[in-house]
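Have a look at the structure below, then the notes.
In the numbering used here, the protein residues as written are 15 to 346.
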């Protein structure tokens, strides 16, 4: 199963729209697809016509399951289309990040989602994770579970200014997880007939170079209409330009696979008799204390909203964000 996290702190960038329609397009191409809604607002469920008051078990219950990863998938996953299942969220998911919310004191606090996904991996070809618009334990869980991350960036001025901070923040979180997570920039909500949008798209490509995907998701009224009717674009307007944009996105991802998925990497490391980077190892390794994790999250949030630092390709992410790995320093 190939897992991709759709992540951006900025609202209005098309994050959830991208997650829903990427997952639906994969499913329409006969890929067994799981859409994971890690956003407590539950917009994936809303956009696919799943009423929150009928969700008896959501991701909050799955993340707190005992034993870890022990939640019953059949009781939680919704079949929203052929080849497409949804792991829904409710507002109760937001409380898990609080000091007494349940996740903070668990030794495997940032590995709970990956443990659940490992249990259902054989059922799916793809997993698309819609991340929350905040930096916290839910986002850490999503990035640990993902093989790659996509940052949707609106071709607008404020999105351009924030895209570097967003990329640096994700890279810093990946460093905390002791892994190099492949990262890609996806231009979204693009208006090809607007000169400013075209100029800003060129600026995004210059600023992020090879990280920028060579395609765009254009702004279409049909995408908003589809969400309003609780349908993905593949069902609402399968012949539209909007649907063709997502078909191109899927085709590009197919042609550009990640070098090695998390599951395959762990298998190779374990076969060599080295320290496996799996969830069991993560749980037994010395974890950062709850206070230190909270401090790390606070600093990443502050730096992600601060003025952009001067950075070139040789500048360490930790230097830009002024953080250190929570695994470094004195033993916990």
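Where a beta carbon is used, it is the ideal one built from N, C-alpha and C, also for glycine.
So the candidates are 74, 95 and 262; which of them puts its Cα closest to the Cα of residue 86? 74
Smallest Cα separation from residue 102: which of 199, 110, 92 and 228? 92
Counting Cβ pairs, one atom from each stretch, are 3 or more of them under 8 Å apart for the segment 165-184 and the segment 104-121? No: the two stretches stay apart, fewer than three of their Cβ pairs being nearer than 8 Å.
If contacts are defined as beta-carbon pairs under 8 Å, then residue 24 and residue 150 qualify, I think. What distance do you get, rounded to the angstrom? Contact between residue 24 and residue 150 does not hold, since the beta-carbon distance rounds to 16 Å and is not under 8 Å.
Look at residue 254 and residue 161 and say whether their C-beta atoms are less than 7 Å apart. no
Residue 198 - partner residues in DSSP beta bridges: 164
Curious, which full-length alpha helix (DSSP H) runs of at least 4 residues does the segment 66-143 contain? 73-77, 87-90 and 126-134
Where residue 56 and residue 109 are concerned, what is the direct C-alpha to C-alpha distance, given to the nearest angstrom? 14 Å
Determine the contact status of residue 247 and residue 256, defining contact as a CB-CB distance below 7 Å. Inclusion of residue 247 and residue 256 in the CB contact set at 7 Å is warranted, their separation being smaller than that value.
Hey, how far is the Cα of residue 218 from the Cα of residue 230? Using only the alpha carbons, I get a separation of about 12 Å.
Measure the C-alpha to C-alpha separation of residue 185 and residue 134 and round it to an integer number of angstroms. Residue 185 and residue 134: Cα-Cα distance of roughly 27 Å.
For residue 111, does the count of other Cβ atoms within 10 angstroms reach 16, so buried, or fall short, so exposed? Buried: at least 16 other Cβ atoms inside 10 Å.
Cutting at 8 Å between CB atoms, please list the residues of its own chain near residue 249, excluding the five before and the five after it. Apart from sequence neighbours up to five positions away, the residues of its chain that approach residue 249 with a beta-carbon distance below 8 Å are 38, 95 and 240, ordered along the chain.
Going by DSSP in three states, residue 151 sits in which element: helix, strand or coil? DSSP, read as helix, strand or coil, puts residue 151 in helix.
Buried or exposed by the 16-neighbour rule on C-beta atoms within 10 Å, applied to residue 286: Low confidence applies to residue 286: its pLDDT is 48, below 50, so where it sits in the model is not reliable, and the reading given next is rough at best. Residue 286 is exposed by the Cβ-count criterion.
Start and end of the beta strand (DSSP E) containing residue 226? It is not in any beta strand (DSSP E) - residue 226 carries neither H nor E in the DSSP assignment.
Could you tell me whether the Cβ atoms of residue 128 and residue 159 are closer together than 7 Å? yes
Excluding the 5 residues preceding and the 5 following residue 212 in the sequence, name in chain order all residues of the same chain whose CB lies nearer than 7 Å to its CB. 206
Which one of 204, 78 and 137 has the shortest CA to CA distance from residue 49? 137
Pairwise C-alpha distance: residue 51 and residue 125: Looking at the two C-alpha atoms, the distance is approximately 16 Å.
CB of residue 139 within 7 Å of CB of residue 20, strictly: Taking 7 Å as the Cβ cut-off, residue 139 and residue 20 do not qualify as a contacting pair.
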